[in-house]
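As given, the protein sequences belong to chains E and Z, one line each in that order. No gaps in the numbering here: position 87 of the first sequence is 87 in my numbering, and each next residue is one more. Offset between the second sequence (1-based) and my numbering: plus 155. Cβ atoms here follow ideal geometry from the backbone N, Cα and C, with glycine treated the same way. These notes are about the structure you will find just below.
Number of protein chains: 2
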Amino acid sequence: MIINIQAIGIIHTDHTSKEHSPIQGVFHPDATGTVELFPEFAEGLLDIELFSHLYLFYHFDRADPGELIRYPFLDDTPHGIFATRHPCRPNGIGITVVRFLERNGNRFTVKGIDVLDGTPLLDIKPYIPRFDCHPEASEGWFAGKNNRQKPVGRE
Amino acid sequence: MIINIQAIGIIHTDHTSKEHSPIQGVFHPDATGTVELFPEFAEGLLDIELFSHLYLFYHFDRADPGELIRYPFLDDTPHGIFATRHPCRPNGIGITVVRFLERNGNRFTVKGIDVLDGTPLLDIKPYIPRFDCHPEASEGWFAGKNNRQKPVGRE
């Protein structure tokens, strides 16, 4: 079952190489970026400024699906791809939670962004802590794993 | 720019009609469901049981893209589609945070699920509170909006 989706805009950031782009936005809370919607979708941004945090959905356009069991960036034990946030997944859909700064027409600025410059935007949803914040969730294998340089060869 | 994605499995729930399916999983914390991966993707579930909470990404297969400004389920004021979680969006990609219960091969059970029975599964990512929990986020127009029957005609 093939599903067609389309880019609705482009995410502009200072992260120009995979090697140096952040592993997660929370590790780079001050990294700013600009989200540009294609003009035909701009109307859908009405009231976006009511929210302090947004989910950005995007396409991992520079990552191909890879092995189903693999080494992630933050651990030296392999895990199933669905137990990781690695970009090389069967469907290359990424999400990141960013802080909304300011909108100007079809563009808005955000903070805490971890995606590569030029990444195709797929969707934006408001982050609602009542629905999306689960402080009791376990950390799984991420427990105690802190930010580090991406190991060479992990893509 | 068209991007092809594919279903990697099917989500089975007790929610058989749009009218009676939950608006958000948090409003129905005890609703259980089964996530079935197609066998060729099952290997990617290795270590999924390390996590208490998962993001499920799915396709809103019974919702078409609609107007960019619309009435959501929980408010009687229209908002831009990107300031809502409504299923009728330019790219019909949904997410829900569920609690993991138990895995048996290529299937696992979850709690707190709000999707329609038979929904195509697109991705699974572990929910990591350090990355994904932002209790300081504003509620925007969702503030004070509680669960209710879906108003007629909101699709």
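Using 10 angstroms around the beta-carbon of THR168 of chain Z, count the other beta-carbons present and answer buried if the total reaches 16, otherwise exposed. Using a 10 angstroms sphere on the CB of THR168 of chain Z, the tally of other CB atoms reaches 16 or more, which defines it as buried.
Given this structure, state the Cα-to-Cα distance separating ARG62 of chain E from ASP185 of chain Z, to the nearest angstrom. Whole-angstrom Cα-Cα distance: 39 Å.
Pair within 9 Å by beta-carbon distance, LEU211 of chain Z and ILE93 of chain E: No.
Would THR264 of chain Z and THR187 of chain Z be called neighbours here (beta carbons separated by less than 9 Å)? Between THR264 of chain Z and THR187 of chain Z, the C-beta spacing is below 9 Å.
With a Cβ-Cβ cutoff of 9 Å, do PHE196 of chain Z and ILE236 of chain Z count as a contact? No, the Cβ-Cβ distance between PHE196 of chain Z and ILE236 of chain Z is not below 9 Å.
Cβ neighbours of PRO242 of chain Z in the same chain (closer than 6 Å, five flanking residues each side left out): Within the same chain, PRO242 of chain Z has close Cβ partners PHE215 and ALA218.
Chain Z within 9 Å of HIS79 of chain E, Cβ atoms only: At least one chain Z Cβ lies under 9 Å of HIS79 of chain E.
In the segment 284-301 of chain Z, which residues sit with their C-beta less than 7 Å from some C-beta in chain E, listed in chain order? Taking 7 Å as the Cβ-Cβ cut-off against chain E, the residues of the segment 284-301 of chain Z that qualify are PRO284, ARG285, PHE286, ASP287, CYS288, HIS289, PRO290, ALA292, SER293, GLU294, GLY295, TRP296 and PHE297.
Identified DSSP bridge partners for ILE128 of chain E: ILE128 of chain E is not bridged to any residue.
Within the 9 Å Cβ cut-off, does ALA83 of chain E reach chain Z? Closer than 9 Å: yes.
So, for PRO306 of chain Z: in the same chain, excluding its five sequence neighbours on each side, which residues have a beta-carbon less than 6 Å away from its beta-carbon? Excluding sequence neighbours, PRO306 of chain Z sits near nothing in its chain.
Tell me, which residues are paired with ILE10 of chain E by DSSP? Beta-bridge pairing links ILE10 of chain E to E:GLU36 and E:PRO120.
For a contact meaning CB atoms closer than 8 Å, what does ASN246 of chain Z contact in chain E? Using a Cβ-Cβ cut-off of 8 Å, ASN246 of chain Z is close to ILE5, GLN6, ILE8, PHE57, LEU122 and ASP123 of chain E, given in chain order.
Name, please, each residue of chain E whose Cβ falls closer than 7 Å to the Cβ of GLY188 of chain Z. Neighbourhood of GLY188 of chain Z in chain E, by CB distance below 7 Å: empty, with the nearest CB roughly 16 Å away.
Helix, strand or coil: how does DSSP classify GLY44 of chain E here? DSSP, reduced to helix, strand and coil, places GLY44 of chain E within a helical segment of the structure shown.
Closer than 9 Å to chain Z by CB, VAL110 of chain E: For VAL110 of chain E, no CB of chain Z lies under 9 Å from its own CB, so it is not counted at the interface with that chain.
At the level of alpha carbons, what is the spacing between GLY267 of chain Z and VAL253 of chain Z? The straight-line gap from Cα to Cα measures roughly 5 Å.
In whole angstroms, give me the CA-to-CA distance for CYS288 of chain Z and LYS125 of chain E. Looking at the two C-alpha atoms, the distance is approximately 15 Å.
Between which two residues does the beta strand (DSSP E) carrying ARG258 of chain Z extend? Its beta strand (DSSP E) spans residues 248-259.
Neighbour flag for TYR71 of chain E against chain Z, beta carbons, 9 Å: Taking Cβ atoms only, chain Z never reaches closer than 9 Å to TYR71 of chain E, which makes this a no.
Run down chain Z in chain order and give the residues with a C-beta less than 7 Å from the C-beta of ILE2 of chain E. Here the neighbours are ASN159 and GLN161.
So, is ILE157 of chain Z buried or exposed, given that buried needs 16 or more other C-beta atoms within 10 angstroms? Exposed, by the Cβ-count rule.
Quick one: grab the DSSP three-state call for PHE60 of chain E. Correct three-state label for PHE60 of chain E: coil.
What residue range does the beta strand (DSSP E) around ARG107 of chain E cover? Looking at the DSSP string, the run of the beta strand (DSSP E) that includes ARG107 of chain E is 107-111.
Cβ atoms of PRO245 of chain Z and GLN6 of chain E: under 9 Å apart, would you say? PRO245 of chain Z sits close to GLN6 of chain E, with the two beta carbons spaced by under 9 Å.
Can you say whether ALA238 of chain Z is buried or exposed, counting buried as having 16 or more other CB atoms within 10 angstroms of its CB? Counting every other CB atom within 10 Å of its CB across the protein chains shown gives ALA238 of chain Z a total of 16 or more, marking it as buried.
State the Cα-Cα distance for the pair GLY221 of chain Z and GLY66 of chain E, rounded to the nearest angstrom. Distance between the alpha carbons of GLY221 of chain Z and GLY66 of chain E: 34 Å.
Buried/exposed call for ASP269 of chain Z, threshold 16 Cβ in 10 Å: The residue is buried, with at least 16 neighbouring Cβ atoms inside 10 Å.
Check this for me: beta carbons of SER52 of chain E and PHE131 of chain E, under 9 Å apart or not? SER52 of chain E places its beta carbon 9 Å or farther from that of PHE131 of chain E.
Interface residues of chain C around GLU257 of chain Z at Cβ under 8 Å? Going by chain labels, chain C is absent from the structure shown, which instead holds the protein chains E and Z.
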